[in-house]
Every structure is written in C-alpha cells, then in structure tokens.
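Mapping of the sequence shown onto my numbering: residues 176 to 463, in sequence order.
Below: one structure, written as structure tokens.
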Amino acid sequence: MFNIGLGSAGTTVSLASSSDSNFPPENIIDGKLDTFWLTTGMFPQEFVLSFTSTMAVNNVKLNCHNVRKLSLEKSVETSPVSFEVVREASLEGSDGELQIHEFNLSDVKASHLKFKIESGYNHFVSIHELNIEGSASRISDERQTDHKEQVIQLVCSPGEDELECASPPCTLPAENSFNLRSKIFCLENMPTVEPIPPGMHHNHTDSAVFHAAENPDKKRDWLKLSPGSIILLVSGCAFVSYLMLGLVYGIGKGEKGLNRLPNSDFWLELPLLVKTYECEEHIPVSNL
Numbered sequence: 176m177f178n179i180g181l182g183s184a185g186t187t188v189s190l191a192s193s194s195d196s197n198f199p200p201e202n203i204i205d206g207k208l209d210t211f212w213l214t215t216g217m218f219p220q221e222f223v224l225s226f227t228s229t230m231a232v233n234n235v236k237l238n239c240h241n242v243r244k245l246s247l248e249k250s251v252e253t254s255p256v257s258f259e260v261v262r263e264a265s266l267e268g269s270d271g272e273l274q275i276h277e278f279n280l281s282d283v284k285a286s287h288l289k290f291k292i293e294s295g296y297n298h299f300v301s302i303h304e305l306n307i308e309g310s311a312s313r314i315s316d317e318r319q320t321d322h323k324e325q326v327i328q329l330v331c332s333p334g335e336d337e338l339e340c341a342s343p344p345c346t347l348p349a350e351n352s353f354n355l356r357s358k359i360f361c362l363e364n365m366p367t368v369e370p371i372p373p374g375m376h377h378n379h380t381d382s383a384v385f386h387a388a389e390n391p392d393k394k395r396d397w398l399k400l401s402p403g404s405i406i407l408l409v410s411g412c413a414f415v416s417y418l419m420l421g422l423v424y425g426i427g428k429g430e431k432g433l434n435r436l437p438n439s440d441f442w443l444e445l446p447l448l449v450k451t452y453e454c455e456e457h458i459p460v461s462n463l
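Below you can see the structure in the form of structure tokens.
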C-alpha cells in the first residue's frame, strides 16, 4: 500500500475546471503542502486524477481550504469517462486553517478519480495535498495476462525445398502475413485455444492454413545486375538489332543468302578464315 496520488507515482491531472499559471492543478500531486491549486470564483469546480492502471483504493485524505460540499467519483474506463459517485461529504469551516477530510473506502477499483467541489465557504477554494492509499488492482493484472495461445501449421508440398502454397495467394492485410524463404505467407482462419497447462502436450489438429504468395522483392532481384553485366546485355541487344535491321534492308534490296546481312563480305569470308586457321594448326613444323 502506497500513496498513488503523486505525480512521481505516474498519476496525472487529466482534467481541471480552472487553471492559474501561479497555482496550477499539478500542485495537487507534487506532494507538497505549501503549494496548491486555486479555483476561480464559480461552482461547481472539479479535477480528475488518472492512474497508470486500474488501482484498488482504500483511503483518500484531502488537505484543502474553504471547501463546503465535496463528492468523490470513480471510473474504471481507459479514458476518464462514465464516472459513478463513491462518496459525498460536507466539510466544516476552519476559520482560515486547512481542512482535512478522509474518505475511508474498501478496495474501490478505479482508473480515474474525480473530485467535484459543489460549493465553498468563499468564492475561491484551494486544494493543497492528496494522499491516496492504494495498490495495483487484480483487474489490471488480469487484463495484462488475459491471452490465448494460437496453434498454427504451415501447409507445404512434401519433398519440396521451397515452401509452396496450398491454394491461391490470399488478400489479407499486411499485418496478417509474414515472409519466409522469399515467400509471403498469409494467415486465414487462425484458431484460438485455451492455454496449455505446464507439462501437457497439445494434440489440436485443427490448424490454420498459410497461403504463399510470391515476394514482390524477389521478382525485382534480376534488376540488381553488375555494371559489367548491364554493358554486356546492352551490347548484345544492340548487335542483334543491328543484324535484324541489316537483314530487313538486304531483303528489301533483293539480296540473296548471306548478302542480305550487313557487312556481307565479312560473313562470306568468315568460313574461309576459319578453315585457313584450322589448316595452319595441322601443318607439321617439319614441312615449314
């Protein structure tokens, strides 16, 4: 049990009906008695404290001045909404002295506490210090640990090194897919089962099916070529284009055979050059 009404404990003032830069609402949770939040001259006034999680509150001690009628409300929602009254009190005047009032509670669950000042003994009311005894609630703990295990199974083609899809690629959102071996697997119909007790094995056979889709990044891998490969590829394309255009031009002129190709003299002499080279390779050195 500790004081959960301090800013150092993570508590914040999420709402205040009035604010003065010299006497801000944050003074309520600074743990100092000589600093305070000062209201304007109208009623009702209120402020809301929000905790880091749902707390079990047992006692609330308030140090204030000029408060006549006060109510305490609680909310267990994530946001400070849907409050319900826990206690109401009428405080006696203190003739210039600080008023001290306690709300004795019994394990009240609250994520937010609202203090509503209905009326005062003066036009201005000040809240000096709050001491809220409490601890983390079991409700908060259960919310953090309330989860179920999920059993999944990858459906693959037997004997394949790469995982293959069991049916066409799915069209689920990106958060329901993951990348495995350069393929994207999409989750459909994920079953949920109760947590498995320690020491027990799960024999649940009703499993989810992952549909594999081609990884778009893998399709672009062929674009990652070296400069030399790109030059070679461009040169080859240019040479083939040169031959094709020359061939079309030769056919248009009515040329026959190899005369249709550009630089036909080279192509006509090429077989003779090859034959001459082969003959020179086979001439014995003694005959030279």
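All C-beta atoms, glycine included, are put in the ideal place defined by N, C-alpha and C.
Sequence-distant residues of its chain with Cβ nearer than 8 Å to residue i (five each side left out)
{"i": "residue 204", "result": "180, 181, 182, 186, 187, 188, 224 and 305"}
{"i": "residue 216", "result": "298 and 299"}
{"i": "residue 445", "result": "none"}
{"i": "residue 263", "result": "244, 245, 246 and 247"}
{"i": "residue 410", "result": "none"}
{"i": "residue 259", "result": "248, 249 and 250"}
{"i": "residue 335", "result": "The predicted position of residue 335 is uncertain, since its pLDDT is 46 and thus under 50; a value taken from the coordinates is nonetheless stated next. Taken in chain order, the list of residues that qualify is empty."}
{"i": "residue 408", "result": "400"}
Residue i vs residue j beta-carbon contact at 9 Å
{"i": "residue 302", "j": "residue 219", "result": "no"}
{"i": "residue 234", "j": "residue 278", "result": "yes"}
{"i": "residue 243", "j": "residue 294", "result": "yes"}
{"i": "residue 196", "j": "residue 252", "result": "no"}
{"i": "residue 191", "j": "residue 222", "result": "yes"}
{"i": "residue 418", "j": "residue 402", "result": "no"}
Expected contact under 8 Å - CB spacing of residue i and residue j to nearest Å
{"i": "residue 240", "j": "residue 280", "result": "Actually they do not touch by this definition, with Cβ atoms about 23 Å apart."}
{"i": "residue 257", "j": "residue 250", "result": "6 Å"}
{"i": "residue 271", "j": "residue 296", "result": "About 10 Å; that fails the 8 Å criterion."}
{"i": "residue 208", "j": "residue 178", "result": "About 13 Å separates the two Cβ atoms, so there is no contact after all."}
Cβ-based neighbour list, residue i, same chain, cut-off 7 Å, excluding 5 preceding and 5 following
{"i": "residue 312", "result": "229, 230, 231 and 284"}
{"i": "residue 447", "result": "none"}
{"i": "residue 432", "result": "none"}
{"i": "residue 255", "result": "189, 190, 223, 225 and 287"}
{"i": "residue 320", "result": "Interpretation of residue 320 is limited by its pLDDT of 46, a score under 50 that renders its predicted location unreliable; the figure taken from the coordinates is listed afterwards. Nothing listed; no residue qualifies."}
{"i": "residue 162", "result": "The chain is shown only over 176 to 463; residue 162 falls outside these bounds and no answer can be derived."}
{"i": "residue 420", "result": "none"}
{"i": "residue 213", "result": "195, 198, 299 and 301"}
{"i": "residue 290", "result": "221, 222, 245 and 247"}
{"i": "residue 200", "result": "188, 191, 194, 212 and 222"}
Same chain only: Cβ atoms within 6 Å of residue i, ignoring 5 sequence neighbours per side
{"i": "residue 206", "result": "181"}
{"i": "residue 435", "result": "422, 425 and 426"}
{"i": "residue 210", "result": "202"}
{"i": "residue 308", "result": "176, 233 and 234"}
{"i": "residue 450", "result": "none"}
{"i": "residue 310", "result": "176 and 231"}
{"i": "residue 265", "result": "244"}
{"i": "residue 236", "result": "277 and 306"}
{"i": "residue 405", "result": "none"}
Go through the region 217–263 residue by residue and report every complete run of the beta strand (DSSP E) that reaches 3 residues or more, in order. 220–240 and 242–250
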